[in-house]
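Engineer: Chains A, B, C and D, in that order, are what the protein sequence lines are. The first sequence stops at residue 196 when you use the working numbering, and every number in between is there. The second sequence stops at residue 564 when you use the working numbering, and every number in between is there. The third sequence stops at residue 865 when you use the working numbering, and every number in between is there. The fourth sequence stops at residue 1057 when you use the working numbering, and every number in between is there.
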Amino acid sequence: MTNTINNVEFVRNLVEDNYKVNKTEVIDQYQVSFEVEKEEVHRLLAQLRSEGWIQMSYLSAIDWIADNEFELVYIVFNWEKPVYIQVRTRLDRDNPVMESIMPIHPGCKYYEREAHEYFGIEFPGNPDFHKPLILEDWDDMPPLRKDFDPRAYSDAHFSSREYPETHENTLGQESKVAQRESRMARVFKVGKGGKK
Amino acid sequence: MREMKLFLGPQHPGMHGNASVHLFVDGDIIKRSYLLPGMLHRGFEKGMERHSWVNNISLIPRVCVVEPDINEMAFAMGVEKLAGIEVPERAHWIRMIVLELARISIHLMAYGGLGGPTGNYTLMYHAHADRNTILNIFEKISGHRVYHQYIVPGGVRKDLPIGIEEDIHEFLNDLESRYTEYRDLGIENPSIQARINDTIMLPAHVVWELGVTGVGMRSAVGKAYDIRKVMPYARYDQDEFDVPTGTYSDATCRIDIKLQELVQCIGIIRQCLEKMPKGEVRVPFGKGQSMRWTVPAGHVYSVVESSRGEFGYYMVSDGGTHPYRVGVRGASYPQGLLGIEKYLPGTRIDDAALWIDTMGVCSPEIDR
Amino acid sequence: MMVGILTGFGVALFGFVWQTSLGGISRKVVARLQKRYGPKWYQEFLDIFKLLSKRATSHGWIFDLGVIMALGGIIATAAFMPVTNDIFAFADFDNFFIYVYLIAVGMLGMAMSASGSGNPLASIGVMRALTTMLAYEVPFMVIVMVIIKHAGTSSLRGIAMAQQDAGMWYMVALPLGFIVAFICLLGMLGKKPFETYIAPAELASGPMVEYGGKQLGMLFIMHEITVFIEVSLFVHLFLGGAENIFVFLLKYFVVYSVANLVSNVNGRFKIDQVVVFFYKWILPLAMIQAFVALYMNGWWN
Amino acid sequence: MESTKFSPITKLSKEEVDRKWWEIGDFFRRNSLWMLMYCTGCCAIELPPAMTSAYDMERLGMGPMATPRQADVLLVTGYLSLKTLRRVIYTYEQMSEPKYIVGFGSCTINGGIYHDSHVVINQLDQYIPVDTYVAGCMPNTEAVMNGFIDLMSLIKNKKADGWKRYKKNYEWYKKNQIDSLGEVQVHDEYHQ
């Protein structure tokens, strides 16, 4: 294996010369991540594929709800020059549309379907991205968005087992409830900035 | 013959996981087939965002039930890379022992799984008997047979119990002595060879198109593409082991590669047991309040070589006490969904269950 | 006549009880082969009576009639089966072709009810059962014809007496024929190398997919008696019948456990491989044996 | 004076005769339980060691069966997502009476580690009648074998009557199922 340091250098020069890269991060000698504009993703992935980064490892999205954006991540890998390249782009959160990359990597047809189902991102070009894949008869918003609360959905739809609070004293010990309450009180006092 | 619809459905003796394959059959030949995933979906990635970094240690191994240690290792390495923790030397070697023991147990289960669809139940019984010895060793090491929660960010939960080396050595010698018997019962058995020779092919262009990794890729491309060699983690670079490869990838070649990998794992564990230094096993994280431990912001994709291929965790942290986003790249995702849709048609019904086993499709990884 | 009918039922009942207990014992033998203990020896009885105690859904009258026809046909066949030289139901009705004809009645009954159950897996299983039957019947018939030609009579007891008088079993006299017949026996019993029609991994136990409590119990009884017929047929044809009951039981036990052990170390063939295997390897062997036995009657008689 | 040797034979009423036959049937049902080969969740990884040479379930007379028609025990192993629960209900209703259910792991008792997940039900008992539970998040294989022996003793003293409960208050179960699952009808994407 060639020395991995110059692999990362090779990748950085290759990408930064021909594309407008917002941010570059070298995580370690095996991983590099680039933030690129939405329009350049296809060209970048096609060129990386021709350079040898042929395997599409992962495709998913992150929901930055604070700045109202989705972030799509494509991770490609080259077994000859072992560097994982993360290509990240930002999409607007209200109508997230991203051209499908099936012509470049046919293997990511189901990754895109899953991203659509979990985040609601449209992938025109992928023949059946809108079909339900994992969830069946799902009536709520796409579940992996940050503003979806699974606990509320679970309490609303599924009844859970109630455990009675009555702890009857079978062994004749003196009750421990008082100790428990005083300990909880101390914990809250500490929690609210009280001295240790 | 009009086209019939059959279900290699969620409830089927040939289907090991819990996914439903819809087969459109003409006579015995499969015309179209679709995998319907989602039976084992439990909102795992959403659950990760609701648990703190330390709570996730108990949720992580429950992703893929067949190889929990691979998930723990990938999660631990990711968190260490984000937080910049340096794991003590002995922990590296203990992690390698646990990972390789897990790899032996998975290969035994996969080899025993070959007995199910082909009908040779004796092979399945023998393989599961040996796998159970490994589970007992794991119970001694970590207290639980299947979900160990043993590899944690910062090293290993606690040191190996005293006297575990003898158990491991005894098991390895016993397994090695019966290796030829295993080969005769399975791969050299003419009635099973009739089922797996020159069938269920995986040509090289399909490997690149689907993104198949691991044994499938190594058996088709012929190069030693193994993450333990290409991107060595946890002292794999200080161990001598070679990676078996092949170019003509039919079911026999893939199963043969798995058996040769089994032998390599035995060699790795023996070297680890000798080279393991004494000393610390774990670096504590989060100065006492481990529930409020925060990991600095960043993106990382940590990868581990599982028995079925490249198993990756894509982790994003925004500096809080909870992971912001965790994506799991299952090793059998490409073969499972796209592979079954494009490359299962054309085989017979009897080969469907065998196709799913030898390709290593594991449905909990696909649904998460 | 009445005595004949009663002994006929006696033989069928004996065949069922003996084969079921032998099935339990052979499950323990196979368990030891697989490094475990295995069930109680009377486990097969427990399974059958448990099935008979359960309520089950019925898929129409063809489904139920077929099961009754299958069980009736098989019990009728077992009634004609001679156990030893002097224990038999009907003196001159133990002709070989009676068994071939009556077994077909049982098998067709089961095929009719399986396809009546409406499950596509069951119909595929039935198709496979008939093709496997086609595959192993032809070589078996060739060998049996040779035996009948040589023994001069086609009555089972006659063949057994011929072997006992000559003191030379057909196993030794027709070695190739013995091997061919044993492999065909594996096919008849539905043992592992040729078990494609009840393959759980592909067809979820083939024709027996839709059978529930009582029907499945009756099918299990039918299967046990079928195994009894086939193995005792094999014993009479090749191992020279039996003078007394213990010799018969011993020969039966040896043949059945050898077939069981062979089957438990082999995988399953696919359906086309089964037919190709029989017609490419077993049929020529049977032909060679027939040619040697009929035209080159030199060295052994 | 009547002879004390032959006490008059008390004429058993019809119910007692049925109960006697049912007890004999219970003996056979208890000693030859057939489990359904259906790995619904992640606790199913403890079944192979239980079935094979390590713990050998066949000693208890249990064996895996291929289809719901032939099986009498449905092992609900592990958590149940909505999709799996629809198919488990389908399978349960196909099984022949008398049928039993064993719930594996804490996910069938109270949702376990996925109690806050939007796809996993929290309490299996609301949807199908469960006869006995095996606790533990992945119960140990010994616990699995103990669960089977518990089921056998339940059958012995006639407490394993889940299928009777299901028949008696069928509407209650159906209402719970419809509330949580929307509809129990299974129509997949590829149903033509």
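Ideal Cβ positions, reconstructed from N, Cα and C, are used throughout, including at glycine.
Between the alpha carbons of C:Gly673 and C:Val631, how many angstroms are there, rounded?
Structural biologist: Each residue's alpha carbon lies about 6 Å from the other.
Engineer: Using a 10 Å radius around the Cβ and a threshold of 16 neighbouring Cβ atoms, would you call B:Tyr444 buried or exposed?
Structural biologist: Exposed is the call here.
Engineer: Hey, D:Arg895 and D:Lys1021: beta-carbon distance below 9 Å or not?
Structural biologist: In this structure, D:Lys1021 lies closer than 9 Å to D:Arg895 by Cβ.
Engineer: Given a threshold of 16 other Cβ atoms within 10 Å of its Cβ, counted over all protein chains shown, does A:Arg180 qualify as buried or as exposed?
Structural biologist: Classification of A:Arg180: exposed, given that the 10 Å Cβ count is below 16.
Engineer: Say whether chain D places a C-beta atom closer than 9 Å to the C-beta of C:Thr621.
Structural biologist: With 9 Å as the cut-off, C:Thr621 counts as an interface residue toward chain D.
Engineer: At a cut of 8 Å, does the segment 572-579 of chain C reach the segment 231-250 of chain B through at least three beta carbon pairs?
Structural biologist: Not touching, per the Cβ criterion.
Engineer: Can you give me the C-alpha to C-alpha distance between C:Lys592 and D:Arg924, rounded to a whole angstrom?
Structural biologist: Cα-Cα distance, rounded: 10 Å.
Engineer: Counting only beta-carbon separations shorter than 9 Å, does B:Gly205 have a partner in chain D?
Structural biologist: By this cut-off, B:Gly205 is an interface position.
Engineer: Below 8 Å on the Cβ atoms is my guess for C:Ala765 versus B:Ala549; work out the distance and round it to an integer in Å.
Structural biologist: With a Cβ gap of about 5 Å, C:Ala765 and B:Ala549 count as contacting.
Engineer: Does the beta-carbon of A:Met141 have 16 or more other beta-carbons within 10 angstroms, so that it is buried, or is it exposed?
Structural biologist: When all chains shown are included, A:Met141 counts as exposed.
Engineer: For the beta strand (DSSP E) holding D:Thr942, just list the boundary residues, first then last.
Structural biologist: First-last of the beta strand (DSSP E) with D:Thr942: Val938 to Thr942.
Engineer: Measure the C-alpha to C-alpha separation of D:Cys904 and A:Ala185 and round it to an integer number of angstroms.
Structural biologist: Near 46 Å, if we compare the C-alpha coordinates of A:Ala185 and D:Cys904.
Engineer: Looking at chain B, which residues of the segment 746-762 of chain C have a Cβ within less than 8 Å of any of its Cβ atoms?
Structural biologist: The residues in question are Lys756, Pro757, Glu759 and Thr760.
Engineer: For the segment 23-57 of chain A, which residues have a beta carbon sitting closer than 8 Å to at least one beta carbon of chain B?
Structural biologist: Flagged, chain order: Glu25, Ile27, Asp28, Tyr30, Gln31, Ser33, Ile54, Gln55, Met56 and Ser57.
Engineer: In chain order, what residues of the same chain have a beta carbon less than 6 Å from the beta carbon of C:Met633, not counting five sequence neighbours either side?
Structural biologist: Same-chain partners within the cutoff: Gly673.
Engineer: Starting from the beta carbon of B:Arg525, find every residue of chain A whose beta carbon is closer than 7 Å, and list them in chain order.
Structural biologist: Near B:Arg525 (Cβ distances below 7 Å), the residues of chain A are Ser57 and Tyr58.
Engineer: Pair every Cβ in the segment 607-620 of chain C with every Cβ in the segment 836-852 of chain C, then say whether three or more of these pairs are closer than 8 Å.
Structural biologist: Flag = no, the segment 607-620 of chain C and the segment 836-852 of chain C do not touch.
Engineer: Helix, strand or coil for A:Ile121? Go by DSSP, reduced to three states.
Structural biologist: A:Ile121 falls in the coil class under three-state DSSP.
Engineer: Within 10 Å of its beta-carbon, does A:Lys20 have 16 or more other beta-carbons around it, so buried, or fewer, so exposed?
Structural biologist: That one is exposed.
Engineer: Identify whether A:Glu181 lies in helix, strand or coil by the three-state DSSP scheme.
Structural biologist: If DSSP states are grouped into helix, strand and coil, A:Glu181 belongs with the helices.
Engineer: Is B:Met244 near the ligand HEM, judged by its Cβ being under 8 Å from some heavy atom?
Structural biologist: Absence of the ligand HEM is noted for the structure shown, with no ligands found whatsoever.
Engineer: Could you pull the start and end residues of the beta strand (DSSP E) that A:Asn22 belongs to?
Structural biologist: Counting along the chain, the beta strand (DSSP E) containing A:Asn22 begins and ends at Val21 to Asp28.
Engineer: Would you give the residue range spanned by the alpha helix (DSSP H) that A:Arg197 belongs to?
Structural biologist: Residue 197 of chain A is absent from the model: chain A starts at 1 and stops at 196.
Engineer: Let me make sure I understand the geometry here. Which of C:Asn824, C:Asn830 and C:Gly588 has the alpha-carbon closest to that of B:Glu384?
Structural biologist: If we check each option's Cα against that of B:Glu384, C:Asn830 comes out closest.
Engineer: Mark C:Met860 as exposed unless 16 or more other C-beta atoms lie within 10 angstroms of its C-beta, in which case mark it buried.
Structural biologist: It counts as exposed.
Engineer: Quick check: the Cα distance between A:Ala115 and A:Ala61, rounded to an integer number of angstroms?
Structural biologist: Approximately 7 Å between the Cα atoms of the pair.
Engineer: Tell me the residue span of the alpha helix (DSSP H) that contains D:Pro929.
Structural biologist: Premise fails: D:Pro929 lies in the beta strand (DSSP E), Gly928 to Met930, not in any alpha helix (DSSP H).
Engineer: With C-beta atoms as the reference, is B:Glu296 less than 9 Å away from B:Ile465?
Structural biologist: For B:Glu296 and B:Ile465, yes; Cβs fall inside 9 Å.
Engineer: When Cβ atoms are compared, which residues of the segment 933-964 of chain D fall closer than 8 Å to chain A?
Structural biologist: Of all residues in the segment 933-964 of chain D, Leu947, Lys948 and Arg951 have a Cβ within less than 8 Å of some Cβ in chain A.
Engineer: Could you run through the segment 1013-1045 of chain D and flag, in chain order, every residue whose CB is less than 7 Å away from some CB of chain A?
Structural biologist: Under the 7 Å Cβ criterion, the segment 1013-1045 of chain D contributes Ser1045.
Engineer: With a threshold of 8 Å, are at least 3 pairs of Cβ atoms found where one atom belongs to the segment 242-258 of chain B and the other to the segment 510-518 of chain B?
Structural biologist: Yes, the segment 242-258 of chain B is in contact with the segment 510-518 of chain B.
Engineer: B:Pro492: which of B:Leu278, B:Ala400, B:Ile290 and B:Val259 sits nearest, CA to CA?
Structural biologist: Closest by alpha carbon: B:Leu278.
Engineer: Nearest CA to the CA of C:Gly741: which residue from C:Arg600, C:Ala850 and C:Ile638?
Structural biologist: Here the closest residue by C-alpha is C:Ala850.
Engineer: On a CA-only basis, which of C:Lys756, C:Asp611, C:Val839 and C:Thr641 is nearest D:Gln935? Give me that one, please.
Structural biologist: Here the closest residue by C-alpha is C:Asp611.
Engineer: Tell me the residue span of the alpha helix (DSSP H) that contains C:Tyr734.
Structural biologist: Taken as a continuous stretch (DSSP letters only), the alpha helix (DSSP H) holding C:Tyr734 covers Tyr734 to Ala737.
Engineer: Tell me, please, whether the CB atom of D:Gly1079 is closer than 9 Å to any CB atom in chain B?
Structural biologist: Limits of chain D in this structure are 866 at one end and 1057 at the other, which puts residue 1079 of chain D out of reach.
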